[in-house]
Amino acid sequence: DAKTTQPPSMDCAEGRAANLPCNHSTISGNEYVYWYRQIHSQGPQYIIHGLKNNETNEMASLIITEDRKSSTLILPHATLRDTAVYYCIVRPPEVSGAGSYQLTFGKGTKLSVIP
Amino acid sequence: SAVISQKPSRDICQRGTSLTIQCQVDSQVTMMFWYRQQPGQSLTLIATANQGSEATYESGFVIDKFPISRPNLTFSTLTVSNMSPEDSSIYLCSVQGAGYEQYFGPGTRLTVT
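Listed in order, the protein sequences are those of chains E and B.
The first sequence: position 84 = 84 (the working numbering), numbered continuously.
Just add 1000 to wherever you are in the second sequence, counting from 1, and you've got the working numbering.
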């Protein structure tokens, strides 16, 4: 899986948009960008993924640059419940063989939503 | 998406005993996974469990220590055998979605004394 770089922490005011960047300059053509988050003491939660087009779902939007070397996860109206560590993972969608299903989360970005 | 439940949510066990963790999914899925998350650490994949075949274990994990059952497409169990304090962790099951994303259960917090 390609290496990703994320800022260690960010603050966001409640009700404002939270924009979380991820750098993945070594991404390969068949690798997707996946975002997960982990709220303290809970299991990880899948948020969104994409290949090259921007994606939106009920939780967030994903903006991928044209060269695919970076992306931004956007939480349009952050709430206190969005306080969590957010992980950007780059990997091919179809994998096989031992070790290939392992999700390597790295250190992520700790997002604090402030009242 | 998939809704996943795990039982028990937490347990405190004595060393040398075994604990079986259950994972129930609200829809039929082919791929299920078991992870361990030790305190302050990232997730480590223990094994992949496909219905109708033997589980595939990752390096460092063996069937005698972590036997897995997968009797149908909505259920799996992970047993932590002959426990020691080093097995104290959060154990998570997950399933693979249509876009190869993974959906996780709430986890089972295990403390071995």
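For each residue, glycine too, the CB sits at the ideal point set by N, CA and C.
Residue-chain proximity (residue 947 of chain B, chain E), Cβ-Cβ < 8 Å:
What the structure shows of chain B is the stretch from 1001 to 1113, and residue 947 of chain B is not part of that stretch, so it cannot be assessed.
Could you tell me the distance, in whole angstroms, from the CA atom of residue 72 of chain E to the CA atom of residue 82 of chain E?
Within the first sequence, the letter at position 72 stands for residue 72 of chain E. Within the first sequence, the letter at position 82 stands for residue 82 of chain E. Computed Cα separation, rounded: 16 Å.
Listed in chain order, which residues of the region 1095–1109 of chain B have Cβ atoms closer than 9 Å to some Cβ of chain E?
1096, 1097, 1099, 1100, 1101, 1102, 1103, 1104, 1105, 1106, 1107, 1109
Run through DSSP, which three-state label would residue 1011 of chain B get?
Your numbering for residue 1011 of chain B matches position 11 in the second sequence. Here residue 1011 of chain B sits in strand by DSSP.
Using three-state DSSP, classify residue 1085 of chain B as helix, strand or coil.
If you number the second sequence from 1, residue 1085 of chain B lands on position 85. In this structure, residue 1085 of chain B counts as helix in the three-state DSSP scheme.
The region 1030–1048 of chain B in contact with the region 45–54 of chain E per 3-pair CB rule at 8 Å:
no
Applying a beta-carbon distance threshold of less than 8 Å, which residues of chain E neighbour residue 982 of chain B?
Residue 982 of chain B lies beyond the stretch modelled for chain B, which goes from 1001 to 1113, so this question has no answer here.
Per DSSP, what are the beta-bridge partners of residue 1024 of chain B in this structure?
Your numbering for residue 1024 of chain B matches position 24 in the second sequence. Beta-bridge pairing links residue 1024 of chain B to B:1005, B:1075.
How big is the Cα-Cα spacing for residue 18 of chain E and residue 1095 of chain B?
Counting from one through the first sequence, the residue named residue 18 of chain E turns up at place 18. Counting from one through the second sequence, the residue named residue 1095 of chain B turns up at place 95. So the two alpha carbons sit approximately 28 Å from each other.
Measuring only the C-alpha atoms, how far is residue 1055 of chain B from residue 1021 of chain B?
Mapped onto the second sequence, residue 1055 of chain B falls at position 55. Mapped onto the second sequence, residue 1021 of chain B falls at position 21. Between residue 1055 of chain B and residue 1021 of chain B, the C-alpha separation is close to 15 Å.
The beta strand (DSSP E) spanning residue 109 of chain E covers which residue range?
What you label residue 109 of chain E is simply residue 109 of the first sequence in a count that begins at 1. Note, residue 109 of chain E: beta strand (DSSP E), 109–114.
Since residue 108 of chain E and residue 85 of chain E should fall inside the 8 Å C-beta cutoff, what is the C-beta to C-beta distance between them, to a whole number of angstroms?
What you label residue 108 of chain E is simply residue 108 of the first sequence in a count that begins at 1. What you label residue 85 of chain E is simply residue 85 of the first sequence in a count that begins at 1. That pair is a contact at about 4 Å.
Looking at the structure shown, is residue 81 of chain E part of a helix, part of a strand, or coil, going by DSSP?
In the first sequence, residue 81 of chain E corresponds to position 81, counting from 1. Correct three-state label for residue 81 of chain E: helix.
Reduced DSSP category for residue 67 of chain E - H, G, I as helix; E, B as strand; rest coil:
As a working mapping, residue 67 of chain E is identified with position 67 in the first sequence. Coil.
Could you check the C-alpha separation between residue 1061 of chain B and residue 1068 of chain B for me, to the nearest Å?
What you label residue 1061 of chain B is simply residue 61 of the second sequence in a count that begins at 1. What you label residue 1068 of chain B is simply residue 68 of the second sequence in a count that begins at 1. Cα-Cα distance, rounded: 12 Å.
Which term fits residue 24 of chain E, buried or exposed, when burial requires 16 or more other beta carbons within 10 angstroms of its beta carbon?
The count along the first sequence starts at 1 and reaches residue 24 of chain E at position 24. When all chains shown are included, residue 24 of chain E counts as buried.
Anticipated Cβ contact below 8 Å, residue 1008 of chain B with residue 42 of chain E, distance rounded:
The residue labelled residue 1008 of chain B in the question sits at position 8 within the second sequence. The residue labelled residue 42 of chain E in the question sits at position 42 within the first sequence. Contact doesn't hold; Cβ gap of about 16 Å is too wide.
In angstroms, rounded to a whole number, what distance separates the CA positions of residue 1108 of chain B and residue 101 of chain E?
Walking along the second sequence from the start, residue 1108 of chain B turns up at place 108. Walking along the first sequence from the start, residue 101 of chain E turns up at place 101. Roughly 21 Å separates the two Cα atoms.
Whether residue 1024 of chain B touches residue 1074 of chain B by CB criterion (8 Å):
Stepping through the second sequence from its first residue, residue 1024 of chain B is reached at position 24. Stepping through the second sequence from its first residue, residue 1074 of chain B is reached at position 74. In this structure, residue 1074 of chain B lies closer than 8 Å to residue 1024 of chain B by Cβ.
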